[in-house]
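If you're matching them up, the sequences are chains E and G in order.
Numbering-wise, the numbering used here puts 157 at position 157 of the first sequence, and it's gapless, one number per residue.
Numbering-wise, the numbering used here puts 271 at position 73 of the second sequence, and it's gapless, one number per residue.
Following: one structure in structure tokens, then a few remarks.
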Amino acid sequence: MLSCKRVQEQLPQYIADGERASPRYEALHRHLASCPACRAYAQRLRLVEEALHTYPRVHPSPLLTDRILEAVGKERAAMGEWHPLSWDVWVPVMVFVMALFIASVSLPQGMLARVPDTRLTETLAAWPHFLQSRSALWGRVEKELLWAIASGIFATMAGLGMGITLAYWKKLDAFDLGDLEQWLASTAQRLWKRARHV
Amino acid sequence: MDSVKDPLSDLVATCQNGDETAFRKLVEETQEDVYNLAYHMLGNEQEAEDMTQEVYLRVWRGLPDFRGEAKFTTWLYSITTNVCLNRRQRSGRRLHVVDDEDALEDSMAEYGDPAEATMRQEERAVLWKTVKYLPPKYRTVIDLFYQKQLSYQEIAELLSIPLGTVKGHLNRARKALAKRLRLKEEVPSAFL
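Here it is as structure tokens:
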């Protein structure tokens with residue numbers, strides 16, 4: 001004999017499926033025949049089922065169609081117009097250009113003048129020997145040149161990173177200044193808590 | 199297996215040729231379904247209208263790529279659920295939402311029912327009101343199953359959740375509603 005708990009587990013699906021006779025539900029039928037509490041529960045579920053089948057629809061404002069078509073019309077019209085590059089393109093480009101500018105102005109004086117001289121040519125020519133003699137290459141490459149290369153790589157990675165992040169945000173359709181503000185506030189709060197804990 | 203022709207396929211094909219009148223007709227024929235689904239997912243009329251507009255913007259952008267492999271309404275509901283889920287994640291708040299069945303009962307305590315109504319109508323009205331306070335995941339499957347009349351399998355595919363979870367959500371919603379009816383029977387309506 002099934003317990004009331006087990007029967008009440010099965011009843012919602014049984015009633016939703018139309019109370020069809022099936023060998024699977026024989027024990028359930030026997031239980032219902034002898035248990036007034038479960039019969040009352042089944043009756044409540046029938047009312048629920050009926051209410052859900054007749055659940056009233058909600059109606060949008062009669063102006064909604066026009067509002068939708070107006071928004072689509074605006075987008076259609078905007079497609080033929082000239083647009084500046086979207087921010088998820090120009091922001092990383094600007095970051096990259098600015099990083100290059102900062103790297104170039106902070107190079108030691110005279111560095112840029114020396115780069116095109118024979119030392120660079122010799123450095124590049126040394127590449128085939130790189131595998132055989134790394135020390136020979138490092139000896140030729142000036143510290144400042146390495147610094148400039150590192151700055152370039154850093155700027156590229158920063159630009160790419162920011163571009164990917166912003167593009168991902170946009171893809172999620174989740175970019176919103178309010179969200180950003182909320183995220184910054186919660187991150188600052190989390191960091192502050194961690195710092196205090198440490 | 200015979201495939202049934204999508205009743206909207208001709209209209210959709212006309213829209214794909216850039217016919218604005220056909221697009222208006224498509225919006226008129228389907229917007230109430232989209233609005234109802236959005237309303238059940240978000241629990242707020244204004245947000246439901248905003249999201250309905252967003253859904254049709256996406257439909258308009260995506261129409262050239264729609265191949266008709268699935269029914270148009272399946273595609274439409276899938277856009278609607280995505281847009282509304284994104285909206286819920288973005289807003290970080292839950293509107294008209296009650297997370298568990300006990301809280302559901304608490305929040306429903308304010309609702310009485312008109313004395314002139316018959317018992318059965320009264321019970322039905324109580325249940326309809328209660329549905330609004332179910333968690334959005336339950337309201338969503340209720341809308342898709344009872345109003346859109348999608349199968350369990352279609353709902354599972356649409357929401358990318360297992361079929362058992364769809365049945366589980368529906369059964370938990372039914373139980374919560376039945377529990378609400380029991381409460382009503384046990385406590386005089388004057389106290390509810």
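Note that CB positions come from ideal geometry on N, CA and C, so glycine has one too.
Of the listed residues the options, nearest to residue i (C-alpha basis)
i        : options                                   : result
E:LYS74  : G:TRP258, G:TYR275 and G:ARG265           : G:TRP258
E:VAL91  : E:SER151, E:ALA158, E:HIS29 and E:GLY18   : E:ALA158
G:ILE359 : G:THR279, G:GLY241 and G:LEU375           : G:THR279
G:ASP341 : G:LEU206, G:LEU240 and G:LEU224           : G:LEU240
E:ARG76  : G:SER207, G:TYR275, G:LEU255 and G:ALA246 : G:LEU255
G:PHE264 : G:ALA374, G:GLU320 and G:LEU209           : G:LEU209
Inter-residue spacing [alpha-carbon to alpha-carbon] between residue i and residue j
i        : j        : result
E:GLU49  : E:ALA16  : 7 Å
E:ARG190 : E:ARG196 : 10 Å
E:GLY163 : E:PHE154 : 14 Å
E:ARG20  : G:LYS346 : 23 Å
G:ALA268 : E:GLU26  : 39 Å
G:GLU227 : E:ILE68  : 13 Å
E:LEU160 : G:LEU283 : 29 Å
E:VAL58  : G:ASN234 : 6 Å
E:PRO23  : E:TYR41  : 21 Å
G:THR272 : E:LEU45  : 29 Å
E:THR187 : G:LYS377 : 42 Å
E:LEU145 : E:PHE96  : 19 Å
E:LEU28  : G:THR219 : 55 Å
CB contact below 8 Å: residue i versus chain G
i        : result
E:ARG44  : yes
E:PRO60  : yes
E:LEU32  : no
E:LEU184 : no
E:THR200 : Lying before the first or after the last residue shown, residue 200 of chain E is absent from chain E, which here runs from 1 to 198.
E:TYR25  : no
E:PRO12  : yes
E:VAL7   : no
Residues of its chain near residue i, where Cβ-Cβ distance is below 7 Å and the 5 sequence neighbours each way are ignored
i        : result
G:HIS367 : LYS335, TYR336 and VAL339
G:VAL364 : VAL339, TYR350, ILE353 and ALA354
G:CYS213 : ALA220, PHE221, LEU224 and LEU261
Cutoff 8 Å: residue i Cβ touching any chain E Cβ
i        : result
G:GLN251 : yes
G:VAL339 : no
G:ARG372 : yes
G:VAL329 : yes
The ligand SAM heavy atom lying under 7 Å from the CB of residue i
i        : result
G:TYR275 : Of ligands this structure carries none, so the ligand SAM is not represented either.
Reduced DSSP category for residue i - H, G, I as helix; E, B as strand; rest coil
i        : result
G:GLN347 : coil
E:SER61  : coil
G:GLY216 : coil
E:GLN8   : helix
E:PRO36  : helix
G:PRO334 : helix
E:MET157 : helix
E:MET162 : helix
G:ARG265 : coil
Cβ-based neighbour list, residue i, same chain, cut-off 6 Å, excluding 5 preceding and 5 following
i        : result
G:VAL253 : VAL232, ILE277, THR278 and VAL281
G:LEU348 : LEU342
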